[in-house]
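Just below is one structure, and these are the notes that go with it.
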Amino acid sequence: MKYNIKKIGVLTSGGDSPGMNAAIRAVVRSSVYHNLECVGIYRGYEGLIEGDFKALNARSVKNLINRGGTFLKSARSPEFRTKEGRKIAFNNLKEAEIDALVVIGGDGTFSGAIAFLEEYDIPVIGLPGTIDNDINGTDYTIGYDTALNTVVSAIDKIRDTAHSHNRIFLVEVMGRDAGDLALSAGIGSGAEVILIPEQNMGRERLVESLKRNKKSGKTSSIVVVSEGDKVGKNIFDVAEYIENNLKGYEVRVTVLGHVQRGGTPSCRDRVFASRLGVSAIDALLRGETNVMVGINNNKIVSVPFTDAIKGDNEIDTDLLRVADITSI
Ligand code: F6P
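Using the numbering used here, read the sequence shown as starting at 543 and increasing by one per residue.
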């Protein structure tokens with residue numbers, strides 16, 4: 543083994559996601575299990591630069607598995623994007639005698655780790671934590687399942703009122719650059735149309751599709767709109783276009799927003815996060831660095847950070863087909 547690891551730092555960075563606490567808990571307890579010290583770093587890379595560290599033991603992470611958010615708190619750190627910021631961060635790690643890091647977050651978190659590793663030799667393992675599910679090489683990201691359930695239960699409620707009033711409801715879900723959440727939640731909630739950033743259906747086709755729904759006997763429609771969708775300037779613009787071009791329907795907009803990021807993590811997210819937390823320590827002990835630990839076909843895998851964040855988000859074409867067929 544190249545590295546002699548005695549003390550591990552763990553942080554969460556970027557947008558929080560339900561299950562991050564379960565992941566931290568598993569990292570801490572797995573460290574203790576392997577007789578390693580573990581230090582919590584607060585507010586992601588911000589806390590790394592400010593030296594905001596706290597020693598954690600197995601009891602420090604009690605009563606957390608069921609809690610959303612991240613008790614270590616999170617941030618998006620502009621300073622860590624600078625050489626100077628990363629230098630301060632490294633010096634703080636040296637001073638605290640932390641000799642390995644586990645970073646939990648999304649593509650911004652992994653990009654930060656890549657820049658850090660180009661300059662400093664310290665093992666870093668990443669865990670995918672984002673509700674967006676936009677990381678390559680892993681079937682799921684921590685928080686995605688909980689967010690899906692949150693979205694579906696919100697749309698179930700919206701469906702009741704949409705149906706009672708014969709309305710079209712546009713529901714915006716998160717996912718800046720990725721339509722995974724919209725697509726799966728759309729299928730799961732029986733949406734008539736799903737708009738995602740990976741596929742611009744255009745305003746005309748959208749209205750055509752809603753007209754077809756009406757002809758086929760539907761009295762109300764749910765359109766799930768991913769935050770990053772490019773059909774209109776924004777969801778309100780799309781709503782206005784529909785109202786002007788499809789007579790006989792009232793259109794309403796619901797933006798689900800940060801409701802999707804909070805809440806009690808689902809069992810699936812808790813188990814997934816626990817597996818990944820334990821696997822992160824295993825990976826460090828095997829001498830790995832510069833990789834994300836994820837899950838592929840139910841097997842734990844290590845994926846280089848550069849591959850995990852590479853290119854545009856790929857959407858599951860099979861799911862697109864299922865959405866098309868089941869929404870007629
Ligand atoms: O990346 C996770 C995410 O929740 C995106 O879906 C969303 O676009 C973004 O974060 C919102 O970020 P913020 O909480 O900083 O506004």
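Backbone N, C-alpha and C define an ideal beta-carbon position, used for all residues, glycine too.
Where residue i falls: helix, strand or coil (DSSP)
{"i": "Lys852", "result": "coil"}
{"i": "Phe778", "result": "helix"}
{"i": "Ile842", "result": "strand"}
{"i": "Gly647", "result": "strand"}
{"i": "Ala631", "result": "helix"}
{"i": "Ser743", "result": "With the sequence shown as reference, residue 743 is identified as Met, and Ser is not the correct amino acid for it. The answer is coil: DSSP assigns Met743 none of H, G, I, E or B."}
{"i": "Phe711", "result": "strand"}
Test item: CB-CB of residue i and residue j under 7 Å
{"i": "Thr688", "j": "Pro807", "result": "yes"}
{"i": "Ala617", "j": "Glu588", "result": "yes"}
{"i": "Ala600", "j": "Gly819", "result": "no"}
{"i": "Ala850", "j": "Val835", "result": "no"}
{"i": "Gly770", "j": "Pro739", "result": "yes"}
{"i": "Glu621", "j": "Ile667", "result": "no"}
{"i": "Tyr686", "j": "Asn678", "result": "no"}
{"i": "Val797", "j": "Glu714", "result": "yes"}
{"i": "Met562", "j": "Ile673", "result": "no"}
{"i": "Asn855", "j": "Ala720", "result": "yes"}
{"i": "Gly805", "j": "Gly593", "result": "no"}
{"i": "Thr554", "j": "Thr612", "result": "yes"}
Contact belief for residue i with residue j at Cβ below 8 Å, rounded distance in angstroms
{"i": "Leu861", "j": "Ser726", "result": "7 Å"}
{"i": "Gly556", "j": "Gly648", "result": "5 Å"}
{"i": "Ala573", "j": "Ile823", "result": "Inspection of the sequence shows that residue 573 is occupied by Ser rather than by Ala. Contact flag correct, Cβ pair sits at about 6 Å."}
{"i": "Leu827", "j": "His576", "result": "7 Å"}
{"i": "Asp558", "j": "Arg718", "result": "With 8 Å as the limit, Asp558 and Arg718 do not qualify as a contact, their Cβ atoms being about 15 Å apart."}
{"i": "Phe847", "j": "Ile656", "result": "5 Å"}
Closest residue to residue i among the options (Cα-Cα distance)
{"i": "Ile664", "options": "Asp866, Val833, Ser816, Thr612", "result": "Val833"}
{"i": "Ile870", "options": "Ser816, Ile842, Tyr791, Ser758", "result": "Ser758"}
{"i": "Glu579", "options": "Ile591, Val644, Glu626", "result": "Val644"}
{"i": "Gly732", "options": "Ala720, Glu750, Asp702", "result": "Asp702"}
{"i": "Phe936", "options": "Pro670, Ile630, Arg794", "result": "Absent from the structure is residue 936, since the part of the chain shown begins at 543 and ends at 870."}
{"i": "Gly790", "options": "Gly805, Gly799, Ser619, Thr761", "result": "Thr761"}
{"i": "Gly654", "options": "Arg623, Lys629, Ala642", "result": "Arg623"}
{"i": "Glu734", "options": "Gln741, Ile710, Leu659", "result": "Ile710"}
{"i": "Ala815", "options": "Glu792, Pro560, Asn634, Ile697", "result": "Pro560"}
{"i": "Thr831", "options": "Asn839, Ser821, Ile837", "result": "Ser821"}
heavy atom of the ligand HEM below 6 Å from residue i C-beta
{"i": "His800", "result": "This structure does not include the ligand HEM; its bound ligands are the ligand F6P."}
Residues near the ligand F6P, criterion Cβ-heavy atom distance below 7 Å: The answer, residue by residue, is Gly556, Gly557, Arg618, Gly648, Thr672, Ile673, Asp674, Met716, Gly717, Arg718, Glu769, His800, Arg803.
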